[in-house]
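**Q**
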Ligand code: NAP
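Numbering (the working numbering), first residue to last: 108 to 372.
1) Could you name the residues of the same chain whose beta carbon sits closer than 6 angstroms to that of residue 128, not counting the 5 residues immediately before and after it, in chain order?
2) Are the CB atoms of residue 328 and residue 265 within a distance shorter than 8 angstroms?
3) Between residue 333 and the rest of its own chain, which residues show a CB-CB distance below 6 angstroms, the 5 nearest in sequence each way excluded?
4) Under the DSSP definition of a beta bridge, which residues are partnered with residue 317?
5) Hey, quick one: how far does the alpha helix (DSSP H) through residue 181 stretch, first residue to last?
6) Is residue 322 near ligand 1, judged by its Cβ being under 7 angstroms from some heavy atom?
7) Which partner residues of residue 187 appear in the DSSP bridge assignment?
8) Following the continuous beta strand (DSSP E) through residue 276, name the residue where it begins and the one where it ends.
9) Which residues in the same chain have their Cβ closer than 6 angstroms to the Cβ of residue 270, if we skip the five residues on either side of it in sequence?
10) Which class does residue 158 belong to by DSSP, given the choice of helix, strand or coil?
11) Looking only at C-alpha atoms, which of 232, 249, 268 and 248 sits nearest to residue 256?
12) Could you give the residue range of the beta strand (DSSP E) that holds residue 356?
13) Taking all protein chains shown into account, decide if residue 167 is buried (16 or more other Cβ within 10 angstroms of its Cβ) or exposed.
14) Give the residues whose C-beta lies closer than 6 angstroms to at least one heavy atom of ligand 1, in chain order.
15) Below 8 angstroms between beta carbons: does that hold for residue 164 and residue 176?
16) Report the residue from 135, 321, 192 and 240 whose alpha carbon sits nearest the alpha carbon of residue 118.
17) Residue 163 by DSSP, collapsed to three states: which one?
18) Could you give the C-beta distance for residue 112 and residue 319, rounded to a whole number, given that I count them as a contact under 8 angstroms?
19) What do you reckon, is the C-beta of residue 126 under 7 angstroms from a heavy atom of ligand 2?
20) Going by the DSSP bridge assignment, what does residue 343 pair with across the sheet?
21) Report all residues from its chain with a CB closer than 7 angstroms to the CB of residue 243; omit the five preceding and five following residues, and keep chain order.
22) How big is the Cα-Cα spacing for residue 221 and residue 278?
23) Alpha carbons only, please: which of 347, 313, 307 and 180 is nearest the one belonging to residue 321?
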């Protein structure tokens, strides 16, 4: 089975129609990939009726200037996100820490990460939330994650634990990676390398979630998984593109609507 992230994301978006929430997006510099992501987010907001406002700052902007923009847009927006990556001279921790936690729709603020760790209700990071939505019930399943970033691997591990999965997290220093991946009922790859997961690394009947967004040797978008050969062995698999990516955007919209409703209480 191919897990159609686009169709499932469309259902999530349909459930959000009619919200009067407002999202502000701040982008620093003109990284082409970030520009595409920001445009996608604006378009998705428009689809469900969320009002969005994007502020583009020059690559030379200072940490203080980015923080000043956050403060200014906070007066208007229910949700605020700063598109990553930021230019190297900017203090990313300070910037993300300056987003009011109740408006932190990407869930990168330490306060929200603390709530995630302890399992308290609140906003959840978009990509892991999208993956959980695709997976449904994971109770008792052995979920093996490859990747331990703050954006994907680590928060996903916590969310799967809260959902009563058994979780293994692998990374670049893991020895004999395939010995772990072959044990996975659910294998999630968040590495960022084309054709990184091959059929010999997958248990027959496993569910495979491909988080990677890469370019292949012909410049075509692809995930981490050698799709054809792994699909033949897996019971379910996400395509990339068209799997986790659309879910990430849908969860951003959901977080924005939730953030707006928390703030009205
Ligand atoms: P990242 O910060 O670069 O993390 C990559 C992880 O992969 C690291 O933990 C790294 O280990 C691990 N790794 C690298 N080489 C490995 C190897 N040979 N064996 C085992 N593990 C290895 O990336 P990220 O931000 O998590 O993103 C991962 C991928 O997902 C990228 O392609 C990104 O574009 C994509 N992504 C997609 C979405 C979406 O919505 N679909 C959202 C976010 C990210 P170390 O920690 O040891 O270095």
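C-beta atoms are modelled at their ideal positions from N, C-alpha and C, and glycine is treated no differently.
Just so we're clear, the structure is a prediction, and the values are computed from it rather than from any experiment.
**A** Straight from the coordinates:
1) Here residue 128 corresponds to residue number 21 of the chain shown, with the count starting at 1. If we look at residue 128 and ignore the five residues flanking it on each side, its Cβ neighbours are 157, 185, 363, 364 and 367.
2) Sequence index remark: in the chain shown, residue 265 carries index 158 (1-based). Sequence index remark: in the chain shown, residue 328 carries index 221 (1-based). Going by C-beta atoms, residue 265 is not nearer than 8 angstroms to residue 328.
3) Along the chain shown, read from residue 1 onward, the residue named residue 333 stands at position 226. Excluding its 5 nearest sequence neighbours in each direction, residue 333 has C-beta neighbours in its own chain below 6 angstroms: 302 and 305, listed in chain order.
4) In the chain shown, residue 317 corresponds to position 210, counting from 1. Looking at the DSSP output, residue 317 sits in a beta bridge with 296.
5) As a first step, residue 181 is located in the chain shown; it is residue number 74 there, counting from the start. From DSSP, the alpha helix (DSSP H) with residue 181 extends over 170-181.
6) Here residue 322 refers to the residue found at position 215 when the chain shown is read from its first residue. It does not: the Cβ of residue 322 is nowhere closer than 7 angstroms to a heavy atom of ligand 1.
7) Translated into positions along the chain shown, residue 187 becomes position 80. DSSP, once it has assigned bridges, lists 131 and 211 as partnering residue 187.
8) By 1-based counting over the chain shown, the position of residue 276 is 169. Looking at the DSSP string, the run of the beta strand (DSSP E) that includes residue 276 is 273-277.
9) The count along the chain shown starts at 1 and reaches residue 270 at position 163. The beta carbon of residue 270 lies closer than 6 angstroms to those of 245 in the same chain, with the five residues before and after it left out.
10) Translated into the one-based positions of the chain shown, residue 158 becomes position 51. Per DSSP, reduced to three states, the secondary structure at residue 158 is strand.
11) Here residue 256 is taken as the residue at index 149 of the chain shown, counted from 1. Ranking 232, 249, 268 and 248 by Cα distance to residue 256 puts 232 first.
12) Here residue 356 is taken as the residue at index 249 of the chain shown, counted from 1. Where residue 356 is concerned, there is no enclosing beta strand (DSSP E), although the alpha helix (DSSP H) it sits in stretches over 351-371.
13) Along the chain shown, one-based indexing puts residue 167 at 60. An exposed status is given to residue 167, since fewer than 16 other beta-carbon atoms sit within 10 Å of its beta-carbon.
14) Listed by position along the chain, the residues with Cβ atoms less than 6 angstroms from a non-hydrogen atom of ligand 1 are 234, 253, 254, 255, 256, 258, 259, 260, 277, 278, 279, 280, 281, 284, 297, 298, 299, 318, 319, 320, 321, 351, 352 and 355.
15) Counting from one through the chain shown, the residue named residue 164 turns up at place 57. Counting from one through the chain shown, the residue named residue 176 turns up at place 69. A contact, by the Cβ cut-off of 8 angstroms.
16) In the chain shown, the residue the question calls residue 118 occupies position 11. Nearest C-alpha to residue 118: 240.
17) Taking the chain shown and counting its residues from 1, one reaches residue 163 at position 56. Correct three-state label for residue 163: strand.
18) Mapped onto the chain shown, residue 112 falls at position 5. Mapped onto the chain shown, residue 319 falls at position 212. With a beta-carbon spacing of about 13 angstroms, residue 112 and residue 319 fall beyond the 8 angstroms limit used to define contacts.
19) As for ligand 2, it is missing from this structure, which binds only ligand 1.
20) Here residue 343 is taken as the residue at index 236 of the chain shown, counted from 1. 314, per the DSSP bridge assignment.
21) Here residue 243 refers to the residue found at position 136 when the chain shown is read from its first residue. So the list is empty, once near-sequence residues are dropped.
22) Translated into the one-based positions of the chain shown, residue 221 becomes position 114. Translated into the one-based positions of the chain shown, residue 278 becomes position 171. Cα to Cα, the separation comes out at about 23 angstroms.
23) To locate residue 321, count along the chain shown from 1; it is residue 214. Answer by Cα proximity: 347.
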